[in-house]
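What follows is a single structure, written as structure tokens, with notes after it.
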């Protein structure tokens with residue numbers, strides 16, 4: 001029995017592998033019916049059931065890898081052919097060899113990932129668009145309309161965008177012309193009377209004669225001095241206009257004023273606004289700065305300068321209709337200068353309106369688009385390019401800092417970036433072009449930050465972490481970019497200039513813009529020093545790094561302002577970036593000190609107060625300026641309970657010796673002319689009873705005297721600084737800002 005069982009077991013073990021062995025690869029029919037397929041061709045099951053047996057063709061692993069590689073190469077070649085076709089259509093002058101493409105790619109300054117909100121939205125939509133392209137065959141687009149830029153003269157161009165009425169009417173006209181040319185139909189008698197685009201260039205009836213403008217001009221040496229001041233101190237790293245053109249136009253106004261008519265009104269207004277802005281900065285050229293300290297610290301030195309600029313401003317605004325009707329490049333420059341003049345007066349109001357007007361006039365001239373054909377020479381095209389980016393950067397920064405909507409979206413323009421080339425060295429009137437390109441990059445980062453902050457305000461709670469991660473990643477990219485830009489400049493080892501310091505202040509404002517909304521997101525209880533942010537201990541919020549960098553940027557901005565105040569460069573209240581950075585830094589440090597219950601920032605606050613006092617003094621507006629300083633000191637009283645009694649006193653630096661030579665066209669000549677013609681006493685203070693000119697005071701209250709032409713109605717609208725991004729929801733900054741109420745939201749950031 002045992003032997004028989006053993007024999008059966010051996011027999012089963014011997015036959016089972018042969019009978020039950022599964023095929024390595026199932027046939028198609030067994031796979032479809034989910035049956036066990038036994039090897040063989042045909043397989044045993046299909047043979048027993050008398051059905052068709054077929055195996056699918058397979059590729060060995062090695063052949064499969066080769067086929068995949070060949071497929072990828074084919075896809076790349078196909079993409080290359082399509083890209084070449086696109087480039088030949090849109091960039092016919094571009095050489096498509098590898099070396100030329102490499103040079104063009106390396107010459108791109110602004111990465112595509114840093115082009116603000118439009119690029120972020122495009123990146124989010126890219127996968128779906130790519131899938132759609134793979135699913136549909138490539139067909140030629142039925143729409144072939146392109147924008148048109150028709151040059152009227154050296155300063156006027158007509159722009160008409162795609163899908164516009166004018167473009168379509170011109171297409172109809174061209175088609176009819178083609179049909180008429182190829183047919184035997186006789187020509188129309190009125191064919192030549194078909195008008196081109198008509199622009200109303202003449203001023204409105206009853207416009208102010210240009211003699212009123214010329215009557216306000218100072219003597220030519222004084223005007224030359226103010227032009228020098230404008231290009232030396234007011235332009236910074238932006239491009240406003242060509243200095244040689246200004247001097248030539250100014251010379252024409254003085255040479256034969258009787259021949260100047262209404263068509264010269266816009267160039268005259270542009271030059272006069274150069275003088276008005278130059279008057280705002282004239283104190284920086286005073287010889288007394290070397291002997292008596294910064295003149296801006298003295299209340300008796302600036303009122304007559306500001307009065308002179310205000311008079312010029314009022315005369316120019318009476319010709320605003322001529323600027324709009326002209327619609328030329330010079331009109332863009334005139335409105336841009338009006339905005340620049342109003343930035344220290346009313347940035348969120350008048351300044352924003354004039355900059356928007358400049359943007360609209362620039363769009364009317366097609367400055368925001370790449371020219372389809374070479375309609376202008378390279379020098380004029382570069383001037384248009386630099387002017388466009390100046391207008392755009394200023395308008396966007398003012399708009400974002402003051403909670404205003406954009407005048408144009410990033411996706412609506414494709415202007416070339418400025419180019420620094422010896423061929424454009426004759427284009428005077430701007431600093432190093434690299435600084436302007438950096439300003440464009442900062443504006444792109446600012447737009448990206450604003451987009452993320454607005455998403456953070458409106459997104460659902462589960463999406464908050466992702467938005468914060470993207471915000472911090474973009475912030476890190478911005479920090480690395482700025483370090484590389486600063487490290488790559490040789491000027492960092494030399495004496496800093498106002499242009500360099502303005503670039504640093506703009507970056508500080510960028511850092512504060514990102515972290516400022518998070519400072520007052522919640523009210524915290526007093527924490528021990530070991531767990532405070534500056535020491536890095538304890539559990540941190542996801543936005544703690546943003547707050548930390550914001551506070552560091554505020555301290556850096558105040559250090560820069562203090563160095564300018566005590567050094568040879570000097571502070572000027574007319575520079576929007578200086579006053580704005582100082583004001584924003586004070587607000588950030590005050591909010592942070594109250595949030596953390598610490599007096600560690602007391603020294604920085606004192607330095608900031610010294611700097612903002614230096615920018616606040618100006619002759620006849622001393623009452624409002626004192627009110628500003630008293631309000632700042634009252635805000636400090638809120639933290640006196642946790643301040644240490646000791647304060648840090650910094651020694652005043654000694655400004656560098658200025659050129660003591662006084663000529664009739666210098667600062668003394670400007671002051672003497674104003675004193676002689678505007679009844680200014682010998683001490684430099686204005687005689688309020690002897691003024692013969694209207695003053696620029698856009699908004700005044702009966703109880704307040706204007707500060708730089710503006711009033712501070714209770715100074716309690718500072719909450720806009722904290723609520724620009726977050727508003728009232730999710731942010732307790734409104735109540736704190738109302739209690740601190742430092743400065744009006746219409747002056748600065």
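In full-length UniProt numbering, the protein residues as written are 1 to 749. Cβ coordinates follow ideal geometry from the N, Cα and C atoms, glycine included.
Query	Result
Who are the Cβ neighbours of residue 578 in its own chain at under 8 Å, not counting the five residues just before and after it?	502, 505, 561, 564, 571, 572, 615
Would you call residue 390 buried or exposed, if buried means 16 or more other Cβ atoms sit within 10 Å of its Cβ?	buried
Using the C-alpha atoms, what's the distance from residue 53 back to residue 18?	A caution first: residue 18 carries a pLDDT of 49, below 50, which makes its placement in the model too unreliable to give a value.
Which residue from 307, 417, 511 puts its Cα closest to that of residue 277?	307
Does DSSP put residue 247 in a helix, in a strand, or in coil?	helix
Sort 269, 519, 182 by Cα distance to residue 321 and report the nearest one.	269
Since I believe residue 407 is in contact with residue 359 (beta carbons under 8 Å), could you give me their beta-carbon distance rounded to a whole number of angstroms?	4 Å
Taking the alpha carbon of residue 472 as the reference point, which residue from 556, 674, 349, 545 has its own alpha carbon closest?	545
Anyone know if the C-beta pair for residue 500 and residue 553 falls short of 8 Å?	no
Let's see if you can read the secondary structure: which residues bound the alpha helix (DSSP H) around residue 52?	Neither: residue 52 is in no alpha helix (DSSP H) and is coded neither H nor E.
What separation, rounded to the nearest whole angstrom, lies between the Cα atoms of residue 415 and residue 670?	40 Å
Using the three-state DSSP reduction, which class does residue 240 fall into: helix, strand or coil?	coil
Find out if the Cβ-Cβ distance for the pair residue 316, residue 361 is shorter than 8 Å.	no
Here's the rule: buried if 16 or more other CB atoms are within 10 angstroms of the residue's CB, otherwise exposed. What is residue 74?	exposed
Closest to residue 475 by CA distance: which of 27, 667, 508, 498 is it?	508
The alpha helix (DSSP H) spanning residue 210 covers which residue range?	210-215
Please check the pair residue 567 and residue 547, which I expect to be a contact at CB under 8 Å, by giving their CB distance rounded to whole angstroms.	Between residue 547 and residue 567 the Cβ distance is about 30 Å, and since that is not below 8 Å, they are no contact.
Specify whether the stretch 411-426 and the stretch 277-287 touch according to this definition: at least 3 beta carbon pairs, one from each stretch, less than 8 Å apart.	no
Identify whether residue 459 lies in helix, strand or coil by the three-state DSSP scheme.	coil
Taking residue 28 as part of the alpha helix (DSSP H), name the residues at either end of that continuous run.	28-33
For residue 355 versus residue 312, is the C-beta spacing smaller than 8 Å?	no
Can you list, in chain order, the residues of its chain with a C-beta nearer than 7 Å to that of residue 442? Leave out the 5 residues immediately preceding and following it.	506, 507, 510
Taking residue 433 as the reference, which of 392, 550, 237 has the closest Cα?	237
Roughly how many angstroms separate the alpha carbons of residue 225 and residue 520, rounded to a whole number?	47 Å
Would you call residue 529 buried or exposed, if buried means 16 or more other Cβ atoms sit within 10 Å of its Cβ?	The predicted model places residue 529 with a pLDDT of 43, which falls under 50 and marks its position as unreliable; any figure quoted below should be read in that light. Burial call: exposed.
Let me know the secondary structure DSSP gives residue 304 once reduced to three states.	helix
Report the rounded CA-to-CA distance for residue 421 versus residue 397, giving the unit in angstroms.	27 Å
So for residue 671, helix, strand or coil by DSSP?	helix
Is DSSP giving residue 580 helix, strand or coil here?	helix
Please confirm whether residue 666 and residue 285 have their CB atoms less than 8 Å apart.	yes
Would you kindly work out how many angstroms separate the C-alpha atoms of residue 413 and residue 364, rounded to a whole number?	13 Å
Could you check if residue 219 belongs to the surroundings of the ligand FMN, using beta carbon to heavy atom distance under 7 Å?	Of ligands this structure carries none, so the ligand FMN is not represented either.
Taking the Cβ atom as the reference point for each residue, do residue 594 and residue 498 lie within a distance shorter than 8 Å?	no
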